[in-house]
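A short worksheet on the structure shown next.
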Amino acid sequence: MPVTKRRNIAEKEELLENGEPGAGKSDIRGDEVNIAVLLFLYTLQGIPLGLGGAVPMLLQNRGITYTQQAEFSFVNWPFSIKLLWAPIVDAIFCQKFGRRKTWLVPVQYLIGIVMIIMSNGVTDWLGPDGKAPSMPILTMSFMFLNFLAATQDIAVDGWALTMLKRCNVGHASTCNTVGQTAGFFLGYVLFLALESPYFCNKYLRFEPETTGMVTLSGFLMFWGWIFILTTTLIAFLKHEVDESANDKDSKARGMSDIVIAYKQLYTIIKLPAVRTLALVLFTAKIGFCASDAVSGLKLVEAGVPREDLALLAVPLVPIQIIMPVLLAKHTTGPEPLSLWLRAFPPRLLVGPAVAALAALTPALLGDSPPSYFYLLLLMSLYAFHQVLGSPYLGHLVSYIMSVGLSTLGPSPLSLWPRVPAAAAGGPAAAALAALTPALLGGASPSYFYLLLLMSLYAFHQTCLYCMFVAVLAFFAKVSDPAVGGTYMTLLNTVSNLGTNWPNTLALWAIDHLTYKKCTAPELTDNMCANPLETEVCTGAGGKCATTLDGFYTETAICLVVGFLWLQWGRPTIHRLQRLPASAWQIRSVLRR
90 MPVTKRRNIA
100 EKEELLENGE
110 PGAGKSDIRG
120 DEVNIAVLLF
130 LYTLQGIPLG
140 LGGAVPMLLQ
150 NRGITYTQQA
160 EFSFVNWPFS
170 IKLLWAPIVD
180 AIFCQKFGRR
190 KTWLVPVQYL
200 IGIVMIIMSN
210 GVTDWLGPDG
220 KAPSMPILTM
230 SFMFLNFLAA
240 TQDIAVDGWA
250 LTMLKRCNVG
260 HASTCNTVGQ
270 TAGFFLGYVL
280 FLALESPYFC
290 NKYLRFEPET
300 TGMVTLSGFL
310 MFWGWIFILT
320 TTLIAFLKHE
330 VDESANDKDS
340 KARGMSDIVI
350 AYKQLYTIIK
360 LPAVRTLALV
370 LFTAKIGFCA
380 SDAVSGLKLV
390 EAGVPREDLA
400 LLAVPLVPIQ
410 IIMPVLLAKH
420 TTGPEPLSLW
430 LRAFPPRLLV
440 GPAVAALAAL
450 TPALLGDSPP
460 SYFYLLLLMS
470 LYAFHQVLGS
480 PYLGHLVSYI
490 MSVGLSTLGP
500 SPLSLWPRVP
510 AAAAGGPAAA
520 ALAALTPALL
530 GGASPSYFYL
540 LLLMSLYAFH
550 QTCLYCMFVA
560 VLAFFAKVSD
570 PAVGGTYMTL
580 LNTVSNLGTN
590 WPNTLALWAI
600 DHLTYKKCTA
610 PELTDNMCAN
620 PLETEVCTGA
630 GGKCATTLDG
640 FYTETAICLV
650 VGFLWLQWGR
660 PTIHRLQRLP
670 ASAWQIRSVL
680 RR
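With our numbering applied, the sequence shown covers 90 to 681.
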């Protein structure tokens with residue numbers, strides 16, 4: 090699951106903890122149906138998110154440019170900016186129908202209708218029979234779908250607080266985690282597997298066929314009707330708790346609630362500490378954008394089956410569940426971002442490692458699918474990256490490594506950026522990408538190649554998880570309890586945007602950093618710099634051969650920028666962690 094989605098889940102956990110003090114011991118008796126409803130609603134929410142991640146994989150081998158991939162990456166932005174309209178969803182409602190159902194029911198109907206409409210045209214939009222995909226309509230359609238899913242998320246989060254008994258409100262975050270993960274799995278991993286002729290012929294069929302068992306059109310049609318049918322059941326059979334007194338008071342305030350919410354956001358933003366933290370969050374992930382946004386597409390381009398890449402995430406699900414339990418105690422100290430800083434260099438080095446693997450993939454795979462060795466290698470690197478990105482597992486890895494380095498001197502962490510083992514992640518990913526062609530060769534991916542891929546993938550994910558958990562722990566530590574929910578939501582929004590804009594920029598820059606040359610003897614000056622030159626080259630019987638792949642240039646740039654950023658970011662983060670609690674409280678602004 091992408092980091093943005095996990096961050097939303099953690100945000101809700103903080104809201105629940107702050108909002109229900111002394112709720113009592115959990116007792117789910119009588120709440121079994123409510124928990125099942127929440128699980129199902131969050132699962133539905135994950136379907137559009139999973140499809141939004143699957144479509145770039147479908148497009149990668151259809152001749153689109155990375156600039157077009159950057160255009161499509163905007164579909165991930167609605168969940169990052171839902172703070173802009175969340176106060177409206179919370180304050181405007183029909184009391185007779187229900188505060189949350191006022192938004193949930195029509196929004197889910199819209200999701201179902203949009204999916205059904207999209208199912209009738211998505212095959213043509215993807216560009217069948219060698220035609221160019223219709224990127225503008227694909228992007229706008231899936232962006233609108235994710236906008237609706239983000240709005241549904243706001244409504245379900247609010248309903249969870251009243252649907253469950255007070256003693257069980259803490260289970261809402263579990264429902265979100267499990268449900269959204271399951272939905273994303275269905276829309277991404279399961280869809281890519283069943284859509285792939287290679288996967289279906291290898292594992293599910295006795296007689297090979299040229300198509301998969303499902304199509305994007307059929308998948309959208311099926312889930313569109315599921316949304317409509319289940320929403321109808323919820324509209325008529327599931328009732329909200331009667332809070333007429335509170336609803337009447339909230340309705341009377343109406344627009345004033347919205348104004349107050351936006352004023353609170355403005356007040357928080359005026360805090361100097363928050364502004365500095367926002368700058369850190371908004372720029373920290375520039376060094377990771379090449380490996381995070383481009384490496385998977387490059388591996389698919391190099392010959393790794395997209396369904397194999399999707400399936401790499403499955404073995405890491407237990408790790409994602411266990412890590413918070415194992416490492417929570419390491420992020421509750423006075424400086425939780427110290428773990429984040431330790432995980433930063435290793436995750437940064439994942440980029441070069443992936444680039445190397447991508448470069449070698451064609452040679453390693455050849456004309457066959459990836460071997461088990463290659464997939465295992467990719468998985469390992471991915472997991473390592475995710476764990477270091479997560480404050481949980483990252484903290485454990487960082488702790489173990491810091492203990493091992495303790496014999497080097499009194500300040501082992503000051504040597505962290507120079508420790509080869511810790512720094513192997515990014516370059517390792519780049520290296521794996523570079524080696525992928527050689528490792529794959531002309532046959533199915535070997536066990537060696539799969540192992541290499543799995544290792545790199547695991548390494549990447551380890552880094553990512555460590556950083557993720559650490560930053561969430563810091564958010565919880567500094568948020569002003571007086572406006573805890575708004576505070577956490579604002580910080581998460583900035584962090585999410587700090588992930589999205591570098592990824593979009595990284596995809597856009599690939600084409601501009603790539604240099605090609607026409608192989609036709611009479612067109613030696615043709616650099617295939619635009620569609621017209623490319624058409625002229627192919628018309629003359631030549632091909633546009635890549636002389637310098639922008640992915641490798643971008644990986645090197647990100648590595649340098651990342652370590653330069655760390656020279657500013659490390660002291661800045663240490664300074665933020667030493668600030669007193671009063672520096673983060675809005676009272677310090679109101680007193681001025």
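Glycine included, every Cβ here is placed at the ideal spot set by N, Cα and C. Being a predicted model, the structure only gives us computed values, none of them experimental.
Near residue i, what residues of its chain come up, given a Cβ to Cβ distance below 7 Å and the 5 sequence neighbours on each side ignored?
i	result
Lys-327	Val-126
Ala-634	Lys-605, Lys-606, Thr-608
Ala-367	Val-583
Ile-226	Trp-214
Gly-493	Note that Gly-493 has pLDDT 32, beneath the 50 cutoff, so the model's placement of it is unreliable and no number is given.
Ala-239	Pro-167, Phe-168, Lys-171
Thr-623	Cys-617, Cys-633
Asn-123	Met-252, Leu-253
Thr-636	Tyr-604, Lys-605, Lys-606
Gly-385	Leu-398
Tyr-198	Ile-317, Thr-320
Run through DSSP, which three-state label would residue i get?
i	result
Ala-512	Interpretation of Ala-512 is limited by its pLDDT of 36, a score under 50 that renders its predicted location unreliable; the figure taken from the coordinates is listed afterwards. Looking at Ala-512 - three-state DSSP - the assignment turns out to be helix.
Cys-183	strand
Cys-69	The first residue shown for the chain is 90 and the last is 681, placing residue 69 beyond what the model contains.
Leu-138	helix
Ala-634	strand
Val-122	helix
Phe-537	helix
Gln-666	helix
Arg-395	helix
Thr-299	coil
Lys-254	coil
Ile-323	helix
Pro-425	coil
Ser-223	coil
Leu-621	helix
Asn-589	helix
His-328	coil
Quick one, which of the options has its alpha-carbon nearest residue i's?
i	options	result
Ser-262	Tyr-277, Asp-246, Thr-191	Asp-246
Met-207	Leu-140, Leu-173, His-549, Asp-179	Leu-140
Arg-118	Phe-233, Arg-255, Ile-153	Arg-255
Leu-401	Tyr-277, Ala-445, Ala-448, Pro-286	Tyr-277
Leu-561	Ala-571, Thr-578, Ala-379, Pro-570	Thr-578
Thr-251	Gly-187, Leu-234, Val-211	Gly-187
Ala-571	Glu-396, Tyr-538, Leu-354	Leu-354
Leu-370	Thr-627, Thr-661, Trp-312	Thr-661
Leu-438	Thr-321, Gln-134, Gln-550	Gln-550
Pro-425	Phe-557, Asp-218, Met-543	Phe-557
Pro-222	Asn-257, Gln-149, Asn-165, Phe-274	Gln-149
Leu-388	Ala-271, Trp-248, Leu-322, Leu-542	Leu-542
Asn-165	Thr-372, Gly-587, Ile-315	Gly-587
Ile-200	Leu-173, Gln-241, Cys-183, Leu-653	Gln-241
Val-383	Gly-658, Pro-669, Phe-311, Tyr-641	Tyr-641
Tyr-554	Pro-145, Arg-431, Pro-423, Trp-654	Arg-431
Pro-394	Pro-435, Leu-539, Ala-595, Leu-602	Leu-539
Cys-552	Phe-433, Ala-645, Ile-646	Phe-433
Arg-151	Pro-217, Gln-134, Thr-575	Pro-217
Ala-447	Val-258, Gly-631, Thr-644	Thr-644
With a Cβ-Cβ cutoff of 9 Å, do residue i and residue j count as a contact?
i	j	result
Thr-365	Leu-665	yes
Lys-190	Ala-399	no
Asn-592	Asp-381	yes
Ser-568	Trp-429	no
Val-196	Leu-237	yes
Ala-350	Ala-180	yes
Val-203	Ser-230	yes
Thr-450	Gly-392	yes
Cys-647	Ala-379	yes
Ile-136	Phe-273	yes
Skipping 5 residues on each side, what residues in its chain have a beta carbon closer than 6 Å to that of residue i?
i	result
Met-224	Gln-157, Glu-160
Glu-284	Gly-301, Val-303
Gly-268	Leu-128, Tyr-131, Thr-132
Trp-590	none
Leu-175	With the sequence shown as reference, residue 175 is identified as Ala, and Leu is not the correct amino acid for it. Excluding residues within five positions, the ones whose Cβ falls inside 6 Å are Ile-243.
Pro-110	Its pLDDT being 41, under 50, Pro-110 is placed unreliably by the model, and the measurement read from it follows with that caveat. If we look at Pro-110 and ignore the five residues flanking it on each side, it has no Cβ neighbours.
Glu-396	Leu-281, Ala-282, Ser-285, Phe-288
Residue i CB to nearest chain C CB: under 9 Å?
i	result
Phe-308	Structure shown: chain C not included; a single protein chain is present.
Sorted by chain position, which residues of the same chain lie with C-beta nearer than 8 Å to residue i's C-beta, five sequence neighbours on each side aside?
i	result
Val-650	Ile-375, Gly-376
(message) Could you tell me which whole beta strand (DSSP E) segments of length 3 or greater appear in the segment 543-584?
(response) As far as the segment 543-584 is concerned, it has no whole beta strand (DSSP E) run of at least 3 residues.
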